[in-house]
Each structure stands twice: as C-alpha cells, then as structure tokens.
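For reference, the structure is listed below as structure tokens.
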Amino acid sequence: MSATKETCAVASLCVYNVPEVFDQDEDGQVEVLDAEPPADLHQAVRTAARACPTRSIHIETP
Ligand code: SF4
C-alpha cells in the first residue's frame, strides 16, 4: 500500500480513520506509517482508500 503526497488534499480523513497506518507530515500531507499493515486493519485501509477524495491511497493486491 502506498499514498501519493502530490495529490493529497490534506483532508486528513485517512489519518482520522486509521491512525495506526496514516499520519501527516509537517505540511499536512499524508505519510504512510505502515505500508504493510496487519490483516485486522486491511478493511479499514480499503475503506480509507475509497473515502480519500483525491484517490491518493493505492492498494496493491497480490
Ligand atoms: S484521505 Fe486522501 S486527501 Fe485526505 S489526507 Fe488522506 S491521502 Fe490525503
């Protein structure tokens, strides 16, 4: 899983919803804390990716 800072609109939705995985840098843009989160967070990360208004969260499925 990855996130694109360049398109992140600093809405903070992902940080609010899954703080174990997403944080914000000093400019307020998304920072991935855990690119390979544990299975119990997968659903929350998928939901965050769908909710991201700029489609900046990318999930790679094997
Ligand atoms: S939800 Fe999307 S636009 Fe909002 S902070 Fe996260 S990556 Fe950025």
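Quick note, the sequence shown lines up with residues 347 to 408 if you use our numbering. Note that beta-carbon positions come from the ideal geometry of N, C-alpha and C, so glycine has one too. Just so it is clear, the structure is predicted and the values come from calculations on it, not from any experiment.
- Message: Along the chain, where does the beta strand (DSSP E) containing V376 start, and where does it finish?
- Response: Element bounds for V376: 376 to 378.
- Task: Would you tell me roughly how many angstroms separate the C-alpha atoms of E372 and V356, rounded to the nearest one?
- Result: Straight-line Cα distance between these residues: approximately 11 Å.
- Exposure label - S348; buried when at least 16 CB within 10 Å: Burial call: exposed.
- Does the distance from the C-beta atom of A395 to that of V364 stay below 7 Å? no
- Do V391 and V367 have their CB atoms nearer than 7 Å? Contact flag set, yes.
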